[in-house]
Amino acid sequence: MSSAPVSPSKPPDFRDPALPLQKRVDDLLSRLTPEERIAMLHQYVPAVPRLGLAAFRTGSEALHGVSWMGVATVFPQAVGLGATWDEDLVRRVAEAVSVELRAFHHHRRPATDDGPYSLQAWAPVLNLLRDPRWGRNEEGYSEDPVHTARLGEAYCRGLAGDHPTYLRAAPVLKHFLAYNNEDDRCTTSSVLRPRVLHEYDLAAFRPVVASGAATGAMAAYNLVNGRPCHVSPLIETELRRWARPTGHELFVVSDAEAPSNLVDPERYFDDHAESHAAALKAGIDSFTDHDDDSATPVGRLREALERGLMAQVDVDRAVRRQLELRFRLGEFDPDLDPYAGIGPEAIDCPEHRALARHAATESVVLLKNGGLLPLDPARTSRIAVIGPLADTLCEDWYSGTMPYQVTIADGLAAALGAHGGEVVRVEGADRIALRSRTTGELLGKSAFDVTDWGRGMLTLRAADAGHYLSLKDDATVAADQKVLKNWFVKETFRLEPAGEDTVLRSVLTGRYAAVDPTDGRVTVTADAPDSAERWARELLRDGAAEARAAAEAADAAVVVLGNHPMINGRETEDRADIDLPATQEELLRTVAAVRPETALVVMSSYPYAVDWADEHLPAVAWTSHGGQETGHALAAVLLGEAEPSGRLPQTWYRGDDPLPAPLDYDIIKAGWTYQYHRPTPLYAFGHGLSYTDFSYRDLRLSRSSTGQDGAVDITVTLVNSGARAGSEVVQLYVRALDARHEAPKLRLADFRKVRLEPGGSSEVTFRLPAERLAHWDVATSAFTVDPGGYEIIVARSADHPVLTAPLTVTGAPSAPRSVVERRTLAVDFDDYADVTLVDATRTDGDAVTPTDLARPGTLLFRDVDLSGAVRIEAETAREDAGPSDARLVVRVGDQVLAELDVPLTGDRYAWQTIAGELDDPPEGVRDLRLTLHGDFRLSAFRFCSPGRAE
């Protein structure tokens with residue numbers, strides 16, 4: 048896309064590439080009318096012919112390949128790229144993606160023909176993989192903020208290119224902020240206490256934005272502390288504050304339909320004009336709403352302007368950010384754009400195919416190996432490849448269309464064939480016929496291969512043509528779908544017993560199949576089983592028996608299990624648990640019972656509890672859905688042609704581990720991730736085995752102590768003591784000893800992937816600034832490095848330390864918390880029980896309120912200096928009377944200092960200050976407890992000295 052130059056006697060300043068960027072932006076903005084400017088706030092920006100401006104559109108999906116545009120190179124899912132722990136590889140993948148995006152932009156037109164494909168790439172996703180049940184787990188890199196930020200920055204740099212003036216593509220970070228659940232995602236609130244906010248969720252975004260690698264961000268669907276992310280003050284106070292020193296502002300876009308969600312279903316605002324104005328003023332620059340119908344959202348914004356809910360300066364600020372991005376993408380300088388010459392031949396080119404294969408190989412993680420792997424083709428000339436994913440590859444919602452597919456069975460067949468071996472392919476699925484009791488006809492006039500993806504969700508694939516049975520818009524069914532990939536998945540069904548017969552039920556609609564007795568037409572229209580058609584179910588092929596026979600006749604078995612990315616855990620739907628589907632588990636045990644030489648390959652978007660496999664099988668490996676080259680990659684690793692060098696980017700929990708509630712975002716108190724989870728996991732964060740052996744020695748620190756603003760160099764020697772070349776990820780963790788706060792068990796500070804030949808060694812040095820030891824100090828609302836003892840840990844994984852060394856941080860100890868004559872925010876507690884965080888106003892501020900009115904909520908503030916305090920003031924809001932009185936009780940130890948009744952204010956955002964004298968005022972440093980009884984909100988409190996109290 049380029050904007051055609053206008054041709055006056057002297058070109059306007061915005062056409063002069065010699066001028067500074069901001070001067071060009073100012074000039075172009077000044078030439079746009081107010082109506083033209085407000086029209087630019089929608090995703091689909093109209094052309095301005097009088098100025099030679101072309102139409103512009105935000106957003107192309109580019110998470111692990113160019114999406115929704117047709118055939119393009121498909122790389123491993125983001126969680127698979129995360130498993131590589133390889134920043135350079137991730138950067139090269141992003142470079143290939145952006146090159147193909149440029150090729151689509153210049154040479155292919157969307158089917159809607161509404162302008163070229165956008166060069167604004169909506170990637171990467173920096174949401175942390177806190178809960179492995181998250182439906183979009185596949186889109187993130189890691190559960191750790193350091194790991195995520197490093198790979199996220201690498202992906203951004205690959206997308207953007209390295210030209211000092213022009214961008215190859217404009218990376219947009221998704222999704223700000225604390226977005227890690229799908230169920231009811233538009234109305235759920237992620238409760239973030241300040242420590243979790245700053246140490247965890249913001250920590251994944253902060254380094255990427257501060258580096259200047261990102262050009263924009265997308266707000267998330269969810270709420271944080273009761274306030275929708277699309278009106279969050281954190282967009283300005285954090286995101287844009289970090290970006291300011293880079294010299295470029297972030298261009299922030301909404302998620303699809305999220306502006307409308309502010310009214311319905313969130314009901315946060317009374318009308319759309321009010322909500323759209325609030326989002327614009329909070330920092331949303333582009334409204335992705337109503338698809339290409341710009342009239343509706345622009346009309347709402349125009350109404351907001353007319354009502355005085357926002358000003359022209361708010362519009363101009365957002366348009367300025369858009370224009371800056373368009374200049375950087377070369378739109379106004381087509382002759383100078385270094386990426387304008389990228390041709391269509393770049394799409395799915397040989398170099399990108401090779402890179403896809405390399406990335407898929409590097410992402411494979413060997414979880415267990417008792418000596419079975421690598422398989423020796425001379426000894427295992429016949430391999431049975433078994434399972435629902437043995438001979439198929441899947442696309443996820445953000446995949447491109449694969450130009451070809453090399454399944455695991457394909458890859459092993461090609462590799463073994465070179466040695467005279469063979470592969471036997473067995474899906475392990477039952478083949479059934481469903482015959483109507485009314486007409487005697489077969490459903491779909493075909494037999495079906497049935498795959499159970501868990502929770503009773505089945506796909507039925509026609510045995511003759513290989514297409515999936517699908518629900519059509521007119522409620523009929525037809526076996527006509529080659530690929531499962533649609534926002535509404537119409538290809539999943541349940542087969543429910545009905546006496547000796549079976550009824551067929553659509554998962555999507557919940558309705559049952561019925562048969563018209565006059566013409567035999569099958570429609571999924573029955574509301575209950577009683578009115579549904581009865582089907583006689585006949586087993587034509589026993590999938591488990593076929594798998595058993597194939598395993599018995601083979602020298603080894605490779606069982607490939609996992610998920611389909613569009614079923615049971617996807618966007619809009621979380622997983623209920625982390626178990627393998629029961630039929631898959633049964634298939635695995637059936638094969639292992641007759642073939643001890645069985646390796647399990649889990650191909651999935653997320654971790655599974657494979658406890659039985661870990662205990663009973665000789666080998667277990669994991670790959671994400673790795674794209675078109677998955678089969679070649681797995682074959683290379685399984686046969687030893689490539690070294691397994693992937694490492695887990697998130698914890699794999701045991702099946703009997705009771706995970707915290709999905710909506711409990713407090714990783715500290717809930718015990719999420721390797722940092723705080725206490726039970727031993729099945730496979731730890733950072734875990735991954737190799738075919739060679741590595742040893743570590745000579746850990747040394749450049750100094751044994753450092754100041755709070757100092758740094759230390761940490762050096763360790765890595766040796767490949769095995770007989771094969773291989774890669775090791777050297778992981779550096781830190782741990783605070785005797786911390787005054789609840790510190791992580793350990794946390795990742797740095798890492799490096801190192802490849803060594805047999806017998807080779809490498810001296811690996813990390814520079815550790817003391818600031819990486821910092822925690823968020825709730826007493827000062829700032830990051831603080833406490834003086835004291837720390838442990839430096841070099842590890843193979845979070846649960847496998849190999850070398851440790853002590854480090855002392857010198858400096859003055861932290862003073863007690865000052866609360867007298869100082870406003871203390873209620874959310875700045877050290878610990879709590881039975882409270883939740885909510886919004887203090889619609890624009891900014893947080894407050895606390897009891898979680899359950901049947902139980903009082905408690906806030907703990909440690910080491911509080913109460914010297915001189917004689918009175919307390921508290922800022923409270925109480926919307927209605929509720930079932931009981933409301934009161935705030937102030938204690939130190941068992942002593943009640945004050946008990947304040949909380950009167951009504953009539954609105955949750957109507958605040959008042961209540962006050963009371965302290966009984967027997969304490970002196971010195973004490974632990975302070977505030978207990979909230981009843982339905983009210985507390986935003987802050989202050990202790991007063993005698994002079995102030997008067």
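Okay, so the sequence shown: first residue is 48 according to our numbering, each after it adds one.
Note that the Cβ used here is the ideal one computed from N, Cα and C, for glycine as well.
These numbers were taken from a predicted model, which means no experiment stands behind them.
### Task
Using 10 angstroms around the beta-carbon of Ser-77, count the other beta-carbons present and answer buried if the total reaches 16, otherwise exposed.
Start at 1 with the first residue of the sequence shown, and residue 77 comes out as number 30. Exposed: under 16 other Cβ atoms inside 10 Å.
### Task
Kindly indicate which three-state DSSP category Ile-394 falls into: helix, strand or coil?
Mapped onto the sequence shown, residue 394 falls at position 347. It is coil, neither helix nor strand.
### Message
Just verifying my parser: in three-state terms, what is the DSSP assignment at Thr-952?
### Response
Taking the sequence shown and counting its residues from 1, the one referred to as residue 952 is at position 905. Three-state DSSP puts Thr-952 in coil, outside helix and strand.
### Cα-Cα separation between Ser-742 and Gly-112, rounded to whole angstroms
Residue numbering aside, residue 742 sits at position 695 when the sequence shown is read from its first letter. Residue numbering aside, residue 112 sits at position 65 when the sequence shown is read from its first letter. For the pair Ser-742 and Gly-112, the Cα-to-Cα distance works out to about 37 Å.
### Task
Using three-state DSSP, classify Asp-230 as helix, strand or coil.
Here residue 230 is taken as the residue at index 183 of the sequence shown, counted from 1. In this structure, Asp-230 counts as coil in the three-state DSSP scheme.
### Task
Pick helix, strand or coil for Leu-977, following the three-state DSSP scheme.
In the sequence shown, counting from the first residue as 1, residue 977 sits at position 930. Assigned with DSSP and collapsed to three states, Leu-977 falls in strand.
### Message
Whether or not the stretch 206-213 and the stretch 267-282 are in contact is what I'm after, with contact meaning three or more pairs of Cβ atoms, one per stretch, closer than 8 Å; do they touch?
### Response
Between the stretch 267-282 and the stretch 206-213, the count of Cβ pairs shorter than 8 Å is below three; the stretches do not touch.
### Task
Go to Leu-199, then tell me how far its alpha helix (DSSP H) extends in each direction, as first and last residue.
Here the question's residue 199 lines up with position 152 in the sequence shown. It should be pointed out that residue 199 corresponds to Gly in this sequence rather than to Leu. Bounds of the alpha helix (DSSP H) holding Gly-199 are 192-207.
### Message
Taking the alpha carbon of Val-345 as the reference point, which residue from Tyr-91, Ile-614 and Lys-221 has its own alpha carbon closest?
### Response
By 1-based counting over the sequence shown, the position of residue 345 is 298. Sorting Tyr-91, Ile-614 and Lys-221 by C-alpha distance to the C-alpha of Val-345 places Tyr-91 at the top.
### Query
Is Gly-561 near Glu-543, with beta carbons less than 8 Å apart?
Taking the sequence shown and counting its residues from 1, the one referred to as residue 561 is at position 514. Taking the sequence shown and counting its residues from 1, the one referred to as residue 543 is at position 496. For the sequence presented, residue 561 should be read as Ala rather than Gly. It is not a contact, given that the beta carbons lie outside the stated cut-off.
### Message
Taking the straight line between their C-alpha atoms, what separation do you get for Ala-201 and Arg-139?
### Response
Your numbering for residue 201 matches position 154 in the sequence shown. Your numbering for residue 139 matches position 92 in the sequence shown. Those two C-alpha atoms are separated by around 9 Å.
### Message
Beta-carbon within less than 7 Å of Asp-60's beta-carbon, same chain only, minus the 5 sequence neighbours each way: which residues are those?
### Response
Sequence index remark: in the sequence shown, residue 60 carries index 13 (1-based). Counting only Cβ-Cβ distances below 7 Å, and skipping sequence neighbours, we find Leu-66, Lys-70, Arg-71 and Asp-74.
### Message
Quick check for students: name the residue ranges of the beta strand (DSSP E) that lie wholly in the stretch 664-730, counting only runs of 3 or more.
### Response
666-670, all fully within the stretch 664-730.
### Query
What's the call for Phe-988, buried or exposed, on a 16-neighbour Cβ count within 10 Å?
For the purposes of this step, residue 988 is taken as the residue at position 941 of the sequence shown. Under this definition Phe-988 is a buried residue.
### Task
Locate the beta strand (DSSP E) running through Arg-429, then write down its first and last residues.
Taking the first residue of the sequence shown as 1, we reach residue 429 at position 382. Annotation for Arg-429: the continuous beta strand (DSSP E) segment containing it runs 429-433.
### Message
Within a Cβ cutoff of 8 Å, which residues of the same chain sit near Ile-455, ignoring the five residues on either side of it in sequence?
### Response
Sequence index remark: in the sequence shown, residue 455 carries index 408 (1-based). Taken in chain order, the residues that qualify are Val-432, Leu-436, Ala-437, Asp-438, Val-605, Val-607, Val-648, Met-650, Thr-677, Gly-678, Leu-681 and Ala-682.
### Query
In chain order, what residues of the same chain lie with their CB nearer than 8 Å to the CB of Pro-805, ignoring the 5 residues before and after it?
Reading the sequence shown from its first residue, position 758 is the one you call residue 805. Answer for Pro-805: Thr-739, Asn-767, Gly-769, Ala-770, Arg-771 and Ala-772, listed in chain order.
### Query
Nearest-angstrom Cα distance between Ala-601 and Arg-232?
If you number the sequence shown from 1, residue 601 lands on position 554. If you number the sequence shown from 1, residue 232 lands on position 185. Straight through space, the alpha carbons of Arg-232 and Ala-601 are spaced by roughly 47 Å.
### Query
So, is Ser-931 buried or exposed, given that buried needs 16 or more other C-beta atoms within 10 angstroms?
Working through the sequence shown from its first residue, we reach residue 931 at position 884. Counting of Cβ neighbours within 10 angstroms places Ser-931 among the exposed residues, the total staying below 16.
#### Entry: Start-to-end residues for the beta strand (DSSP E) that takes in Thr-855
As a working note, residue 855 is residue 808 in the sequence shown. Note, Thr-855: beta strand (DSSP E), 847-857.
### Query
Excluding the five sequence neighbours on either side, which residues of its own chain have a C-beta within less than 7 Å of the C-beta of Leu-586, listed in chain order?
On the sequence shown, residue 586 is found 539 positions in, with the first residue counted as 1. Excluding residues within five positions, the ones whose Cβ falls inside 7 Å are Asp-477 and Ile-479.
### Message
Let me see if you follow: with CB-CB separation under 8 Å, is Gly-390 close to chain B or not?
### Response
Going by chain labels, chain B is absent from the structure shown, which holds only one protein chain.
### Buried or exposed by the 16-neighbour rule on C-beta atoms within 10 Å, applied to Tyr-226
Working through the sequence shown from its first residue, we reach residue 226 at position 179. The residue in question, Tyr-226, is buried, as its Cβ has 16 or more Cβ neighbours within 10 Å.
### Task
Can you give me the start and stop residues for the alpha helix (DSSP H) that Thr-637 sits inside?
For the purposes of this step, residue 637 is taken as residue 590 along the sequence shown, with counting starting at 1. Here the alpha helix (DSSP H) through Thr-637 covers 629-641.
### Query
First and last residue of the beta strand (DSSP E) that includes Leu-507?
Taking the first residue of the sequence shown as position 1, residue 507 is located at position 460. First-last of the beta strand (DSSP E) with Leu-507: 505-509.
### Task
Would you tell me roughly how many angstroms separate the C-alpha atoms of Leu-701 and Gly-718, rounded to the nearest one?
Locating residue 701 in the sequence shown gives position 654, counting from the first residue. Locating residue 718 in the sequence shown gives position 671, counting from the first residue. Correcting the residue type first, residue 701 is Arg in the shown sequence and not Leu. Their Cα atoms are separated by approximately 14 Å.
### Query
Is Ala-96 helix, strand or coil when you go by DSSP?
Here residue 96 refers to the residue found at position 49 of the sequence shown. It should be noted that the sequence gives Pro, not Ala, for residue 96. Pro-96 falls in the helix class under three-state DSSP.
### Message
Below 8 Å on the Cβ atoms is my contact criterion, and I expect Ile-840 with Arg-782 to pass it. Report the Cβ-Cβ distance as a whole number of Å.
### Response
Counted from its first residue, the sequence shown places residue 840 at position 793. Counted from its first residue, the sequence shown places residue 782 at position 735. The Cβ separation is near 6 Å, so the contact holds.
### Message
Below 8 Å on the Cβ atoms is my contact criterion, and I expect Glu-304 with Asp-340 to pass it. Report the Cβ-Cβ distance as a whole number of Å.
### Response
As a position in the sequence shown, residue 304 is number 257, starting the count at 1. As a position in the sequence shown, residue 340 is number 293, starting the count at 1. Contact doesn't hold; Cβ gap of about 11 Å is too wide.
### Task
Would you please state the rounded distance, in angstroms, between the beta carbons of Ile-389 and Ala-119? I believe it to be under 8 Å.
Taking the first residue of the sequence shown as position 1, residue 389 is located at position 342. Taking the first residue of the sequence shown as position 1, residue 119 is located at position 72. By a beta-carbon distance limit of 8 Å, Ile-389 does not contact Ala-119. Their separation comes to about 13 Å.
### Presumed contact (8 Å Cβ cut-off) between Asp-713 and Val-238, rounded CB distance
As a first step, residue 713 must be located in the sequence shown, where it is residue number 666. As a first step, residue 238 must be located in the sequence shown, where it is residue number 191. Right, the Cβ-Cβ distance comes to about 7 Å (below 8 Å), so this counts as a contact.
### Query
With a CB to CB cut of under 7 Å and the five nearest residues on each side skipped, what residues in its chain are close to Val-530?
In the sequence shown, counting from the first residue as 1, residue 530 sits at position 483. So the list reads Glu-442, once near-sequence residues are dropped.
### Task
Give every residue of the same chain whose Cβ lies closer than 8 Å to the Cβ of Glu-997, excluding the five residues on either side of it in the sequence, and list them in chain order.
The sequence position of residue 997 within the sequence shown is 950, counting from 1. For Glu-997, the predicted model reports a pLDDT of 48, less than 50, meaning its position is unreliable; a value from the coordinates is still stated below. There are no such residues.
### Task
To the nearest angstrom, report how far apart Ala-320 and Leu-348 are at their CA atoms.
Indexing the sequence shown from 1 puts residue 320 at position 273. Indexing the sequence shown from 1 puts residue 348 at position 301. About 6 Å.
### Message
With three or more C-beta pairs closer than 8 Å as the rule, is the stretch 238-248 touching the stretch 149-167?
### Response
Contact between the stretch 149-167 and the stretch 238-248 is absent, because fewer than three Cβ pairs lie under 8 Å.
### Whole-angstrom distance between Glu-409 and Arg-725, CA atom to CA atom
Translated into the one-based positions of the sequence shown, residue 725 becomes position 678. Translated into the one-based positions of the sequence shown, residue 409 becomes position 362. Each residue's alpha carbon lies about 30 Å from the other.
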